[in-house]
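As you go down the protein sequences, you meet chains A and B in turn. Heads up: the first sequence begins at 1 in the numbering used here, then just goes up one per residue. Heads up: the second sequence begins at 1001 in the numbering used here, then just goes up one per residue. The beta carbon of each residue, even a glycine, is placed where N, CA and C say it ideally should be. Working notes, structure below.
Number of protein chains: 2
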Amino acid sequence: MTTGIPPVEIERPDAAGRFIFVCEHASNAFPARWGDLGLGPEARGAHIAWDPGALGLARALAGALDGPLVAATASRLIYDLNRPPHAPGAMPARSETYDIPGNAAITTEDRLARTEALYLPFHEALGGLIAQRLARGLAPVLVTVHSFTPVWFGQPRAVELGVIHDADPRLAQALVAEARGALTLDTRLNEPYSAADGVTHTLARHATPMALPHAMIELRNDLIATQAQQADIAAQLAPCLIAALARIETREAA
Amino acid sequence: MTTGIPPVEIERPDAAGRFIFVCEHASNAFPARWGDLGLGPEARGAHIAWDPGALGLARALAGALDGPLVAATASRLIYDLNRPPHAPGAMPARSETYDIPGNAAITTEDRLARTEALYLPFHEALGGLIAQRLARGLAPVLVTVHSFTPVWFGQPRAVELGVIHDADPRLAQALVAEARGALTLDTRLNEPYSAADGVTHTLARHATPMALPHAMIELRNDLIATQAQQADIAAQLAPCLIAALARIETREAA
């Protein structure tokens, strides 16, 4: 590795809880190896570069539920870890209203180098963590943590909490039901986007083939802008996650 | 690694063709690290330990279609690479009419050690090969190659060629149609078993999340017992695979 940073960060790998948290868009770092892709500081700090607040929320949830956390260490504009290597969005030439000059004329060699340096180590680390827990007889639950921008292409978004699923909808549906019952957040299933938009790659790679209960949590980023907000939302969501899992497992056992 | 053999064999990694062949049950080797699991030579040579003929068939297909081949190096009774670590069939205590003493009282530590020594390197190697090809702009097609026993629990099986799919049935359906048109083999879709039996783990991990065309080929093992038979069946199947892929891609383009 010559990026100057590790390709993936694993916190609390030996945590005893069943929930594994993933934050593919945790970072807006632009390591020297890749440069700034021709972007100025405003673009590098914007939601196109990362999911603001998502790492803090994921850390607070992992702490509350005693789970490991697997997080990205570089901007999604260098490699969006929630996309396969052939997806245009993996190294996008344009994101919302921004052009990404360093991705516009990307070479095959650079595409391969970013895949090997960032995508493969991240997914091997997550896959290894899950396989080891399965071999030990645990029953992992996979939760990816994201944030979305309140205004997209000029349009405000009313949804505050989105819960998205890949092939198995059970945990996501149960989490929406719990959140609607217990919280004041405007909570919606498969909004602001869904698996059909290609946003469940991590779940499709790691949860669906193992039949793991799973959900992708999306918070509107104005609600998790500060550490205090992140802690508050995590404190609200953690009991909903526990209740949602109990709900689907009680139903199975009945 | 202290198994004395590499955990995975990759042949022709730089082959230019689109088809990637996988043989999870290629070997009936019992490396010293794991021992013979309490089995005698008859059981260690039987279909419960490996898929007889499958490696030769996969090699002949990879040669005919200029594709890479990813193959197991140890018996499926030590770790069945087409099963996740928590599946009872990954390290089975019983297989068809045979008890497997070395798996009957397997410890958590041994289950974890086999997962780390065999399952993870195999799937990381295959995942890396696919990701690299996707990053380079190729369009891989994933074909797993298996064989099945002509007599199972005392019942003869009439099917000679089975073609099985995971989520996307297109290539498998097209291959069945081509084989029925061109060959004299008794060819059936999703026989002698299907994804519902948990036999498509490799496809679910590596083809479905990447939307790769895919199929699992199952030959009745009496038809591929010799190298000459393997070469003959491969020479028949290779043009069917090419025609099947063309059929689904022409349909898409139309």
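*Looking at C-alpha atoms only, which residue of B:Arg1251, B:Ile1010, B:Leu1245 and B:Thr1250 is the closest neighbour of Gly1127 (chain B)?*
B:Ile1010
_Through-space distance from Gly1154 (chain B) to Ala1134 (chain B), alpha-carbon basis_ = Reading the sequence as shown, one finds Leu at residue 1134 (chain B) and not Ala. Straight-line Cα distance between these residues: approximately 45 Å.
*Can you tell me which of the three DSSP states Pro1013 (chain B) falls into?*
coil
_So that I know if they touch, is there some Cβ in chain A lying closer than 8 Å to that of Leu1057 (chain B)?_
no
_In the DSSP assignment, the alpha helix (DSSP H) including Glu1178 (chain B) goes from what residue to what residue?_
Arg1170 to Ala1182
_I'd like the ranges of any beta strand (DSSP E) spanning at least 3 consecutive residues and lying wholly in the region 1047-1098 of chain B._
1069-1071
*Check the Cβ-Cβ distances between His1146 (chain B) and every residue of chain A, and say whether any is below 8 Å.*
no
*Any chance the region 153-171 of chain A sits against the region 182-191 of chain A, with 3 or more Cβ pairs inside 8 Å?*
yes
_Three-way DSSP call (helix, strand, coil) for Thr187 (chain A) in this model_ = strand
*Within its chain, find whatever has a CB closer than 6 Å to the CB of Ala16 (chain A); leave out the 5 residues flanking it on each side and keep chain order.*
Asp66
_In the DSSP output, which residue or residues are listed as bridge partners for Cys1023 (chain B)?_
B:Ala1071
_Beta-carbon proximity list for Ala60 (chain A), same chain, < 7 Å, skipping 5 on both sides_ = Gln230, Ala231 and Ala234
*Got a sec: which bits of the region 1083-1103 of chain B sit with their beta carbon under 8 Å from any beta carbon on chain A, in order along the chain?*
Pro1084, Pro1085 and His1086
*For Phe153 (chain A), which of helix, strand or coil comes out of DSSP?*
coil
_Which residues in chain B have a C-beta closer than 7 Å to the C-beta of Glu124 (chain A)? List them in chain order._
Glu1124
*Leaving out five residues before and five after Ala1238 (chain B) in sequence, what residues of the same chain have Cβ atoms less than 7 Å from its Cβ?*
Leu1061, Ala1064 and Leu1065
*In three-state DSSP terms, what is Leu112 (chain A)?*
helix
*Consider the Cβ of Glu1116 (chain B): report whether some Cβ of chain A lies at a distance smaller than 8 Å.*
yes
*Listed in chain order, which residues of the region 184-208 of chain A have Cβ atoms closer than 8 Å to some Cβ of chain B?*
His201, Ala204, Arg205 and Thr208
_Extent of the continuous beta strand (DSSP E) run through Thr144 (chain A)_ = Val141 to Phe148
*chain B contact residues for Leu77 (chain A), given Cβ-Cβ distances below 7 Å*: The contacting residues do not exist; Leu77 (chain A) stays about 16 Å from chain B at best.
_Exposed unless 16 or more other CB atoms sit within 10 angstroms - verdict on Gly137 (chain A)_ = exposed
*Can you tell me which of B:Ala1196, B:Ala1174, B:Leu1223 and B:Ala1179 puts its alpha carbon nearest to the alpha carbon of Ile1248 (chain B)?*
B:Ala1174
*Give a yes or no on whether 8 Å exceeds the smallest Cβ distance from Thr108 (chain A) to chain B.*
yes
*What residues of chain A sit near Gln1132 (chain B), judged by a beta carbon separation below 9 Å?*
Pro85, Leu112, Thr115, Glu116 and Leu120
_Short Cβ contact (8 Å threshold) for Val1145 (chain B) with Arg1018 (chain B)_ = no
*Using a C-beta cutoff of 8 Å, does Ala1135 (chain B) count as contacting chain A?*
yes
*asked:* If you reduce the DSSP assignment to three classes, tell me which class Arg220 (chain A) lands in.
replied: strand
*In terms of residues, what are the limits of the beta strand (DSSP E) holding Glu164 (chain A)?*
Residue identity differs from the one stated: residue 164 (chain A) is Ile in this sequence, not Glu. Segment Leu161 to Ile164, the beta strand (DSSP E) holding Ile164 (chain A).
*With DSSP as the reference, label Ala1228 (chain B) as helix, strand or coil.*
helix
*Which same chain residues, not among the five before or five after Thr2 (chain A), have their C-beta less than 6 Å away from its C-beta?*
Only weak support exists for where Thr2 (chain A) lies, its pLDDT of 48 falling under 50; the value from the coordinates is given anyway. Once the five neighbours on either side are set aside, the close Cβ partners of Thr2 (chain A) are Arg33.
*Can the beta-carbon of Pro1007 (chain B) be found less than 8 Å from the beta-carbon of Thr1073 (chain B)?*
yes
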